[in-house]
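Top to bottom, those sequences are chains A and B. Be aware that the first sequence starts at 0, since it is given in numbering that gives the first Met the number 0, and climbs by one per residue. Be aware that the second sequence starts at 0, since it is given in numbering that gives the first Met the number 0, and climbs by one per residue.
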Amino acid sequence: MLLLVASLIVGHAAISDPQLAAKATSAWTKVQPSIVIVSRRGAPRGTAALIDSQGYFITGNSVVGDGQGLEGQFFDGMRVTLFLVTVDGPTQLALLKTYDPMGDRQPVSLYAPGDETVNADHPKTLIAALPGGPISAELVNIKTLALLSPAHSVAMLSEIHFELAQSKVAGDPVFSLDGLLVGILQATLADKTRVSTSTNIMQSASGSSVFGGGGGRAAPMLPRGAVARPYGPGTMTIAYSPGPQTMQRVIGGFLSPNHAVQRPAIGVFCRDAVGAGALIDRVVDNSPAAAAGLKEGDVIINIEGSPIQRQLDFAVTMLQQTVGSEITVTVRRQSRLIPFHVKVGM
Amino acid sequence: MKPRDEENLINLAFGELSEEEATRLEQSVRANPKASRALSGYERLKKDLVLLKDIPELQISTERIRGAILGQGLKQRNHAARWGWILVPGLAAALMFGLMLNRPQSEPQNQALQVVPFKHPVLVVKNDPNPVVLMNTEIDPTNVGYSFSPDRSPRRALRSDRHAHRSRSASRRPESQLSPLDRNVMQHGITLNSPLDQVSPETSPSPQTSPRTSAVADSMSPASPTNQRIVVVNDEKDKATGAQQATEVNSNANVVVGG
């Protein structure tokens, strides 16, 4: 099976650099045993990646739906029954578990960019694990600021480009060429002008996979019958995944004893203040902010020495705090500046 | 909206209120959609000021110049207008001389602007230390909104520039000589119905970018985090991808975030 997949990848390789193509093949060979195709009531919905040797998988909530009738099938054909453990509300990432034997399978490791530069000028080639097999993608940004609705929370997302037209990608994991888990595809950019296509060019009827080129340097070889389209916004899917830090936080929470994701918060909702600062729109009852004495109408101007120019600064600064620590929040109330000591909750 | 309220909003937008006043006004603005919109407009104006750059000479269209030359060239010359340049100042001087003779001696010497109702249009004396504006009585003199006072505040200077120079300077001077404010007004099509636009075509001093404008320009940077592009991820699913829909937005001022 591995040889078959590798031959499919090489056969469809549109990555002009042979070394890159070889790396992609190697990466897929490495991660493929840890990926299951998730079916719900018999219909494939997406894929999930094994993140723990105890049988925990991570995927998107759109893949699991109501969590009933879930089954996983590895690419080598082994089948396991999956159960929904929990869903992280803001990121819509889902934790699945199987109690069935899986053989000697290793969980995937998480991508941690460190000081590595990732941007549109220096994209990082990825592979996305779709139910039909791997496709190539590019990581162009790991610090896209996002507002997650309706949770009203802020997160850093990774922006990932596919050289192919849109397909069912939600909830599928993406990997670096080192075989590290970069993220789970969560959202796609809504583009009303994008050319729609009735042909799913990423998954052919024969189930073969497609490997697009990196950075638009070469056109992808398409499955037989697929419609070739030029590279560009008309055929490119722009997707978003939780960024590396968010992935780390979510997976860490998922694998904790209570499977809860810790997200630092003090319990206020803010909007942009006129001038500078974050205007407190609402204080959650019984929250750390309420306990500390923060009130609606206060304008947060500083947290732990970091100036707060707008409400997004507040949200981003809060993401950097640690649950359980005590922070100093300086607010402007009437004409006074008042520091409050608030214990960070979750 | 009352002029006083508008002035307060401008002060707020340009950060010239005390914190107490600002807080109080912010709360009242939040409850008033009209005031909120007006405030947003002023803030946008403040923000846009920094985006203005000098227009290269090449963008002063040669076609426009040619059109202007041809337009003038094709017109029949009015020989009487040849002496207009001397007649108009002469008449103005004569009229002003007459007015000055009838001027009450008890008038305060430091009065910045004297508005005299007058049934006929409009004449202004240039470089007079105590200028007198003859206004058409149909114009409400309380709505003039311009001061010749040399010690006007930066904010007032900005507003005055905006009111007084819009039509004159923007329409009569080459774009390369326009102040950033004028270009901004032209670009955004802001209509400011200042009576002085109708009554004092040549009197006001040459428009300058106000100190406030420069200060604003210096304080704002395109790299400001406010300009950062962000993505809003909605709960709605994209039919094609099955993923949540993401939308790029440039403004997040009204977004409520939790933390």
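Just so it is clear, CB atoms sit at the ideal spot from N, CA and C, and this is done for glycine as well.
What's the call for TYR98 of chain A, buried or exposed, on a 16-neighbour Cβ count within 10 Å?
Here the question's residue 98 of chain A lines up with position 99 in the first sequence. So TYR98 of chain A ends up on the exposed side.
Against chain B, does PHE174 of chain A count as a neighbour if the rule is that its beta carbon must be under 8 Å from one of theirs?
On the first sequence, residue 174 of chain A is found 175 positions in, with the first residue counted as 1. So, not an interface residue.
Give the straight-line distance between the Cα atoms of ASP65 of chain A and VAL84 of chain A, rounded to the nearest whole angstrom.
As a working note, residue 65 of chain A is residue 66 in the first sequence. As a working note, residue 84 of chain A is residue 85 in the first sequence. Their backbone Cα atoms lie some 11 Å apart in a straight line.
Which residues in chain A have a C-beta closer than 9 Å to the C-beta of LEU44 of chain B? List them in chain order.
Position 45 of the second sequence, counted from the start, is the residue given in the question as residue 44 of chain B. Those within 9 Å of LEU44 of chain B in chain A number zero; the least Cβ separation is about 14 Å.
Could you name the residues of chain B that VAL341 of chain A contacts, counting a contact when the two beta carbons are closer than 9 Å?
Position 342 of the first sequence, counted from the start, is the residue given in the question as residue 341 of chain A. Within chain B, no residue comes near VAL341 of chain A; the closest Cβ sits about 11 Å away, beyond 9 Å.
Mind listing the chain B neighbours of ILE265 of chain A? Cutoff is C-beta to C-beta under 9 Å, in chain order.
If you number the first sequence from 1, residue 265 of chain A lands on position 266. Residues of chain B passing the Cβ test: GLY258.
Tell me which same chain residues have a C-beta within less than 6 Å of the C-beta of ARG332 of chain A, skipping the five on either side of it?
If you number the first sequence from 1, residue 332 of chain A lands on position 333. Same-chain partners within the cutoff: ASP297.
Between the Cα of ALA259 of chain A and the Cα atoms of A:GLY276, A:ALA277, A:ASP87, which residue gives the shortest distance?
Here residue 259 of chain A refers to the residue found at position 260 of the first sequence. Among A:GLY276, A:ALA277, A:ASP87, the Cα nearest to that of ALA259 of chain A belongs to A:ASP87.
In this structure, what does DSSP give as the bridge partners for SER157 of chain A?
Counting from 1 along the first sequence, the entry for residue 157 of chain A is found at position 158. Bridge partners of SER157 of chain A: A:SER240.
How would you list, in chain order, the residues of chain A whose beta-carbon sits under 9 Å from the beta-carbon of SER17 of chain B?
Position 18 of the second sequence, counting from 1, holds the residue named residue 17 of chain B. Ordered by position in chain A, the residues that pass the 9 Å Cβ test against SER17 of chain B are SER334.
In whole angstroms, what separates the C-alpha of ASN10 of chain B from that of GLN185 of chain A?
The sequence position of residue 10 of chain B within the second sequence is 11, counting from 1. The sequence position of residue 185 of chain A within the first sequence is 186, counting from 1. Approximately 44 Å, taken between the alpha carbons.
In three-state DSSP terms, what is ALA127 of chain A?
Here residue 127 of chain A refers to the residue found at position 128 when the first sequence is read from its first residue. Strand, per DSSP.
Quick check: what's the CA-CA separation for GLN310 of chain A versus VAL230 of chain B?
Residue numbering aside, residue 310 of chain A sits at position 311 when the first sequence is read from its first letter. Residue numbering aside, residue 230 of chain B sits at position 231 when the second sequence is read from its first letter. Distance between the alpha carbons of GLN310 of chain A and VAL230 of chain B: 15 Å.
Taking just the CA atoms, how far does LYS33 of chain B sit from LEU254 of chain A?
Residue 254 of chain A sits at position 255 when you count from the first residue of the first sequence. Residue 33 of chain B sits at position 34 when you count from the first residue of the second sequence. Approximately 51 Å between the Cα atoms of the pair.
Am I right that LEU129 of chain A and VAL168 of chain A are in contact with their C-beta atoms under 8 Å? What's the rounded C-beta distance?
Stepping through the first sequence from its first residue, residue 129 of chain A is reached at position 130. Stepping through the first sequence from its first residue, residue 168 of chain A is reached at position 169. That pair is a contact at about 7 Å.
List the residues of chain B whose Cβ lies closer than 8 Å to the Cβ of LEU95 of chain A, in chain order.
On the first sequence, residue 95 of chain A is found 96 positions in, with the first residue counted as 1. Ordered by position in chain B, no residue passes the 8 Å Cβ test against LEU95 of chain A, which lies about 17 Å from the chain.
Cβ closer than 7 Å: which chain A residues qualify as neighbours of LYS33 of chain B?
Locating residue 33 of chain B in the second sequence gives position 34, counting from the first residue. Per Cβ cutoff of 7 Å: no residues; LYS33 of chain B is ~15 Å from chain A at best.
Checking the sheet assignment: what are the DSSP bridge partners for GLY257 of chain B?
Residue mapping note: residue 257 of chain B aligns to position 258 of the second sequence, counting from 1. GLY257 of chain B is bridged to A:PHE268.
Check for me: the alpha helix (DSSP H) holding LYS22 of chain A runs from which residue to which?
The residue given as residue 22 of chain A occupies position 23 in the first sequence. Segment 17-30, the alpha helix (DSSP H) holding LYS22 of chain A.
Between GLU325 of chain A and the rest of its own chain, which residues show a CB-CB distance below 8 Å, the 5 nearest in sequence each way excluded?
By one-based count along the first sequence, residue 325 of chain A stands at place 326. Here the set comprises HIS340, VAL341, LYS342, VAL343.
In this structure, how does DSSP classify ASP284 of chain A when only helix, strand and coil are distinguished?
As a working note, residue 284 of chain A is residue 285 in the first sequence. The answer is coil: DSSP assigns ASP284 of chain A none of H, G, I, E or B.
Is the CB of PRO149 of chain A under 8 Å away from at least one CB in chain B?
Numbered from its first residue, the first sequence carries residue 149 of chain A at position 150. Yes, PRO149 of chain A counts as interfacial toward chain B.
So which residues of chain B does SER61 of chain A contact, with C-beta pairs closer than 8 Å?
Walking along the first sequence from the start, residue 61 of chain A turns up at place 62. Those within 8 Å of SER61 of chain A in chain B are LYS236, GLY241, ALA242, GLN243.
To the nearest angstrom, how far is the alpha carbon of MET235 of chain A from that of PHE56 of chain A?
Working through the first sequence from its first residue, we reach residue 235 of chain A at position 236. Working through the first sequence from its first residue, we reach residue 56 of chain A at position 57. Distance between the alpha carbons of MET235 of chain A and PHE56 of chain A: 28 Å.
Taking the alpha-carbon of ASP75 of chain A as reference, which of A:SER25, A:GLY45, A:GLY132, A:ALA127 has the nearest alpha-carbon?
The residue you call residue 75 of chain A lines up with position 76 of the first sequence. For the residues A:SER25, A:GLY45, A:GLY132, A:ALA127, the minimum Cα distance to ASP75 of chain A belongs to A:GLY132.
Name the chain A residues that come within less than 8 Å of GLU247 of chain B, Cβ to Cβ?
In the second sequence, residue 247 of chain B corresponds to position 248, counting from 1. Residues of chain A passing the Cβ test: LEU188.
Would DSSP call THR316 of chain A helix, strand or coil?
Reading the first sequence from its first residue, position 317 is the one you call residue 316 of chain A. Reduced to three states, the DSSP call for THR316 of chain A is helix.
Please state the DSSP three-state secondary structure of THR143 of chain A.
The count along the first sequence starts at 1 and reaches residue 143 of chain A at position 144. In this structure, THR143 of chain A counts as strand in the three-state DSSP scheme.
With 8 Å set as the bound, which would you pick, yes or no: does the beta-carbon of ALA291 of chain A sit closer than that to a beta-carbon of chain B?
Taking the first residue of the first sequence as 1, we reach residue 291 of chain A at position 292. Not closer than 8 Å to any Cβ of chain B, the Cβ of ALA291 of chain A fails to qualify, so no.
Pull up the CB-CB distance for PRO410 of chain A and LEU318 of chain A, whole angstroms please, since I reckon it's below 8 Å.
Shown here, chain A extends from 0 to 345; a query on residue 410 of chain A therefore has no answer.
Return no unless some Cβ of chain A is closer than 8 Å to the Cβ of GLY14 of chain B.
Locating residue 14 of chain B in the second sequence gives position 15, where the first residue counts as 1. Yes, GLY14 of chain B counts as interfacial toward chain A.
Quick check: the Cα distance between SER240 of chain A and LYS1 of chain B, rounded to an integer number of angstroms?
As a first step, residue 240 of chain A is located in the first sequence; it is residue number 241 there, counting from the start. As a first step, residue 1 of chain B is located in the second sequence; it is residue number 2 there, counting from the start. Those two C-alpha atoms are separated by around 50 Å.
I'd like the list of long-range same chain contacts for ALA289 of chain A, defined as Cβ closer than 7 Å, with 5 residues on each side in sequence excluded.
As a working note, residue 289 of chain A is residue 290 in the first sequence. If we look at ALA289 of chain A and ignore the five residues flanking it on each side, its Cβ neighbours are GLY266, VAL282, VAL283.
Report the partner residues of ILE300 of chain A according to the DSSP bridge assignment.
Locating residue 300 of chain A in the first sequence gives position 301, where the first residue counts as 1. Its beta-bridge partners do not exist; DSSP assigns none.
Using the C-alpha atoms, what's the distance from PHE161 of chain A back to LEU138 of chain A?
If you number the first sequence from 1, residue 138 of chain A lands on position 139. If you number the first sequence from 1, residue 161 of chain A lands on position 162. Those two C-alpha atoms are separated by around 9 Å.
Can we say the region 149-156 of chain A touches the region 27-41 of chain A, given the rule of at least three CB pairs closer than 8 Å?
Verdict: no, contact absent.
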